[in-house]
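Chains as they are written, first to last, in the numbering used here: chain A, 18 to 150; chain B, 2 to 170.
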Amino acid sequence: TVGAVALDQEGNLAVATSTGGIEGKLKGRVGDSCIYGGGTYANNEVCAASCTGDGEIIMLGALAHEVYALCKYKDLPIAEAVREAISMYADKLEGDRGIIALDPQGNFALESNTNVMRRAYRINDEEPFVDIW
Amino acid sequence: MGKYVIIIHGGAVQTDPSTIPPEKEAKLKAGLAQALHAGWEILHKGGSALDAVEAAVRAMEDNEDFNAGRGGMFTLNGEVETEASIMDGATLQGGAVSCVKLVKNPISLARAVMEKCKHTFLTAEGAQEFALAQGLPLEAPHYFKTEPQRQEWMEILQEQAVEHADRHD
């Protein structure tokens, strides 16, 4: 799965997520990447989030919208909201989870419960950051 | 000038570090850097967040080292079926597609759904027909199928064959 979240100079947020799905999936299987609130969500008032990992648990946990809800209703900073969404219902919904998220102020988070998350970011014209482990 | 930021991911997985040799790691990082730049350049020039995320994701869909577009995982039937979505935080409009074959850039199809379709989510043949109607670039099935994914698919088929062999006299 691949995804991106961005904040432009006008203060607008957007998200895009795309995937080939999981290994050995059945024909017709739908994952989280195309599900609003599951693997993808954006709202200028709160945040934009894109997920990767085990699609079934991301959909069942509605993780992208969970990040939104934790920020909006629990007033959590984006980093804490993402961390909480990553660990939420971990006893019932086991699997790989990764989330990138960004708020309207440009605060952001990249979290996963895995040892590999291919990721990169760049703020204004600062040096880009790229890493895998 | 307001602050502008782009963040991308190319998948998360729990894996044995030895399965990603240094040359593969370097290729992945180069692919990430290229995708990041594609989106960042748009933001830097004052473009929209929507254009930036589409450009970044398109770059990874075109790169066979990522599981999206070209290089997507195989279904058990040996096909590549993709899905994608895009959402504009300013308008709360979105477009999504699933079970898509042959469309080179599923994220651009999702954007076309958002901007040119009365629905917000199209799937399978309907999504395909909409892509054709919009004149989006298509590719032959072999374009999407890469050798590493084919190998993984073969391994799954072999595992299944072994499981089934145990169940028959």
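Just so you know, even glycine gets a beta-carbon here, dropped at the ideal spot from N, CA and C.
For a cutoff of 8 Å on Cβ pairs, would you count residue i as touching chain A?
i, result
"leucine 45 of chain B", "In the sequence as presented, leucine is not what sits at residue 45 of chain B; that position holds histidine. Yes, because at least one Cβ of chain A sits closer than 8 Å to the Cβ of histidine 45 of chain B."
"proline 126 of chain B", "One detail in the question is off: residue 126 of chain B reads as glutamate in this sequence, not proline. Chain A, which has no Cβ nearer than 8 Å to the Cβ of glutamate 126 of chain B, makes this no."
"tyrosine 5 of chain B", "yes"
"glutamine 159 of chain B", "no"
"glutamate 148 of chain B", "no"
"glutamine 152 of chain B", "no"
"phenylalanine 131 of chain B", "no"
"serine 171 of chain B", "Since the first residue of chain B shown is 2 and the last is 170, residue 171 of chain B is not available in this structure."
"leucine 139 of chain B", "no"
"alanine 1 of chain B", "This structure cannot settle anything about residue 1 of chain B, because the visible part of chain B is limited to 2 through 170."
"proline 23 of chain B", "no"
"methionine 155 of chain B", "no"
"lysine 102 of chain B", "no"
Look up residue i in the DSSP assignment and give the residues it is bridged to.
i, result
"glycine 70 of chain A", "A/Arg114"
"threonine 20 of chain B", "Its beta-bridge partners do not exist; DSSP assigns none."
"lysine 42 of chain A", "B/Thr76"
"asparagine 60 of chain A", "A/Cys64"
"serine 129 of chain A", "A/Gly115"
"alanine 33 of chain A", "A/Ala21, B/Ile87"
"tyrosine 138 of chain A", "A/Phe146, B/Ile8"
"valine 98 of chain B", "B/Ala85, B/Leu123"
"alanine 96 of chain A", "Partner(s): none; alanine 96 of chain A has no beta bridge."
Look at the alpha carbon of residue i and the alpha carbon of residue j, and state the distance between them as a whole number of angstroms.
i, j, result
"tyrosine 90 of chain A", "isoleucine 117 of chain A", "19 Å"
"proline 22 of chain B", "cysteine 118 of chain B", "44 Å"
"lysine 4 of chain B", "methionine 74 of chain B", "36 Å"
"proline 138 of chain B", "glutamine 152 of chain B", "27 Å"
"isoleucine 131 of chain B", "serine 19 of chain B", "For clarity, residue 131 of chain B is phenylalanine in the given sequence; the question names isoleucine instead. Phenylalanine 131 of chain B and serine 19 of chain B: Cα-Cα distance of roughly 43 Å."
"valine 84 of chain A", "lysine 105 of chain B", "31 Å"
"histidine 165 of chain B", "glutamine 159 of chain B", "10 Å"
"tyrosine 53 of chain A", "leucine 30 of chain A", "15 Å"
"aspartate 25 of chain A", "valine 63 of chain A", "15 Å"
"aspartate 71 of chain A", "glycine 112 of chain A", "6 Å"
"alanine 107 of chain A", "threonine 69 of chain A", "15 Å"
"proline 149 of chain B", "histidine 143 of chain B", "13 Å"
"glycine 149 of chain A", "glycine 70 of chain B", "As written in the sequence, residue 149 of chain A is isoleucine, which differs from the glycine given in the question. Going from the Cα of isoleucine 149 of chain A to the Cα of glycine 70 of chain B covers about 20 Å."
"alanine 98 of chain A", "glutamate 62 of chain B", "28 Å"
"leucine 37 of chain B", "tyrosine 58 of chain A", "20 Å"
"threonine 147 of chain B", "aspartate 66 of chain B", "9 Å"
"threonine 76 of chain B", "alanine 65 of chain A", "30 Å"
"phenylalanine 146 of chain A", "glutamine 35 of chain B", "12 Å"
Does the distance from the CB of residue i to the CB of residue j come in under 8 Å?
i, j, result
"glutamate 82 of chain B", "valine 101 of chain B", "yes"
"arginine 46 of chain A", "leucine 33 of chain B", "no"
"isoleucine 9 of chain B", "glycine 48 of chain B", "no"
"alanine 102 of chain A", "leucine 80 of chain A", "yes"
"glutamate 80 of chain B", "serine 99 of chain B", "no"
"glycine 12 of chain B", "asparagine 64 of chain B", "no"
"alanine 164 of chain A", "glutamate 55 of chain B", "Because residue 164 of chain A is not part of the residues shown, which for chain A are 18 to 150, the question remains open."
"alanine 53 of chain B", "serine 86 of chain B", "no"
"alanine 91 of chain B", "alanine 23 of chain A", "no"
Flag residue i as yes if its beta-carbon sits less than 8 Å from any beta-carbon of chain B, otherwise no.
i, result
"proline 94 of chain A", "no"
"lysine 89 of chain A", "no"
"valine 99 of chain A", "no"
"arginine 74 of chain A", "Looking at the sequence provided, one finds isoleucine at residue 74 of chain A rather than arginine. It does not; no Cβ of chain B falls within 8 Å."
"serine 50 of chain A", "yes"
"methionine 105 of chain A", "no"
"tyrosine 85 of chain A", "no"
"alanine 79 of chain A", "no"
"leucine 127 of chain A", "yes"
Taking three-plus beta-carbon pairs below 8 Å as touching, is the segment 111-131 of chain A in contact with the segment 33-45 of chain A?
These segments do not touch.
Closer than 8 Å is the cut-off here; do at least three beta carbon pairs connect the segment 63-83 of chain A with the segment 93-106 of chain B?
Taking 8 Å as the limit for Cβ pairs, the verdict is that the segment 93-106 of chain B does not touch the segment 63-83 of chain A.
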